[in-house]
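Okay, so here's the structure we're looking at.
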Amino acid sequence: MRTKLVAGNWKMNLTPTEAAAAVEAFIKLVDARENVDVILCPSYVSLPKVRELIRNTHVKLGAQDVFWEESGAFTGRVSASMLGDLGVSHCIVGHSESRGRFGKMETDASLAPYFAETDHTVNLKIRRLLFHAINPILCVGETLAERETGKTEEVIAGQLRGGLDGIDPAELYFLVVAYEPVWAIGTGQTCAAPEADRVCGFIRDTIAGMMGTDVAEHTRILYGGSVKAANSAELFQQPNIDGGLVGGASIDPGEFSRIVFSA
Ligand code: 13P
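For the sequence shown, the residue numbers in numbering that gives the first Met the number 0 are 0 to 262.
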């Protein structure tokens, strides 16, 4: 039986001061909920403050990205050892926004190449995280154009194969995968629960084929994309959905706590 997991991806929101206030409010609301795993993923600059505030609670600390090299002349990058030193237990990798793929195109499309994430860099990041015993949250998902041309499964299988290529299944026992259809992120257009469940089932079958059924049965597969308190219960009830990766709604402590309760 997989424990449900709800992770809040705060993206580029909340200053450290605002993050502290949000965590304090959130902790008051959910601290007793030990039957659900909860992870907060603030921006890098808020990690130390959030770490301090969640100490002695069951809430875990996550990062939104990492660089794959161990250390060196990589201006502006953050390494897995730095994250580990800050008490980070999970790290998002391959988010569609890091891949330069946006559901709601507020950013100029011509800037997309500057995000420069590929399945190969995702793979390098996962390897580095595992070396430092940080659990990856691998994001996969198709764009609207890919869905409409019947490529959903092909795209997701490619992202899984590329991201997990050559990794020993024994190292992936605590893997988390998030199915985040790009068209559902930040758009208010949630994927219907049965369809999200079907794709999460496809992800589990693909992982079973690559890594064996034991890894597939342990892997928590989350749904992400316009999750709110109003739709989370139905999504989280699906047999192949083990929780959620929540963006916008995770910034509001009241809304996020209701999503956690629903899990
Ligand atoms: P929203 O919940 O804002 O749609 O974002 C989902 C997401 O990208 C989480 O990583």
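Note that the Cβ used here is the ideal one computed from N, Cα and C, for glycine as well.
Within the chosen limit of 8 Å, ligand 1 does not reach the beta carbon of Ser97 with any heavy atom. When the Cα atoms are used, Gly75 and Val245 turn out to be separated by approximately 26 Å. For Ala232, same chain residues with a beta-carbon under 6 Å away, outside a window of 5 residues either side, are Ser261 in chain order. For the pair Ala6 and Lys48, the CB atoms are not nearer than the 9 Å cut-off.
Taking Ala207 as the centre and dropping the five residues before and after it, the same chain places the C-beta of Ala215 closer than 6 Å to its C-beta, in chain order.
Cβ-Cβ distances below 7 Å link Gln188 to Trp182, Ser225 in the same chain, with the five nearest sequence neighbours on each side left out; the list follows chain order. Its chain contains Lys3, Leu4, Val5, Arg219, Leu221, Phe235, Ala262 as the residues whose beta carbon lies nearer than 7 Å to that of Gly242, once the 5 sequence neighbours on both sides are disregarded; these appear in chain order.
Within the DSSP secondary-structure output, His89 pairs in a beta bridge with Gly61, Asn134. Under a 10 Å Cβ-count criterion, Ala62 is classified as buried, with 16 or more other Cβ atoms of the shown protein chains found around its own Cβ. Bounds of any beta strand (DSSP E) do not take in Cys190, whose DSSP letter is neither H nor E. Residues close to ligand 1 by the beta carbon criterion (under 6 Å to any non-hydrogen atom) are, from first to last along the chain, Asn8, His94, Glu179, Ile184, Gly185, Gly223, Gly224, Ser225, Val226, Leu244, Val245, Gly246, Gly247, Ala248. Between the alpha carbons of Asp64 and Cys90 lies a distance of about 6 Å. Excluding its 5 nearest sequence neighbours in each direction, Val29 has C-beta neighbours in its own chain below 6 Å: Ser256, Val259, listed in chain order. Assignment of Asp118 by DSSP, reduced to helix, strand and coil, places it in the helix class.
Less than 9 Å separates the beta-carbon of Gln237 from that of Ala192. Straight-line spacing of the CA atoms in Val154 and Arg54 works out to 39 Å.
For Arg146, the uninterrupted alpha helix (DSSP H) run begins and ends at 143 to 147, by DSSP.
Burial state of Arg1 is exposed, judged by a 10 Å Cβ sphere holding fewer than 16 other Cβ atoms. In this structure, Val121 and Gly93 form a Cβ contact; the two beta carbons are roughly 4 Å apart against a cut-off of 8 Å. Contact between the segment 139 to 157 and the segment 80 to 87 is absent: fewer than three C-beta pairs spanning the two stretches fall below 8 Å. If you ignore the 5 residues before and after Val35, its C-beta comes within less than 8 Å of the C-beta of Thr2, Lys3, Leu4, Val5, Gly242, Val259, Ala262, all in its own chain and listed in chain order. Distance from the Cα of Met209 is smallest, within the candidate group Phe130, Leu171, Asn134, for Leu171.
Under the three-state reduction of DSSP, Leu39 is assigned to strand.
The segment 210 to 242 is shown to contain whole alpha helix (DSSP H) runs of 4 or more residues at 212 to 217, 228 to 235, in chain order. In the three-state DSSP reduction, Ala262 falls in the coil class, being neither helix nor strand.
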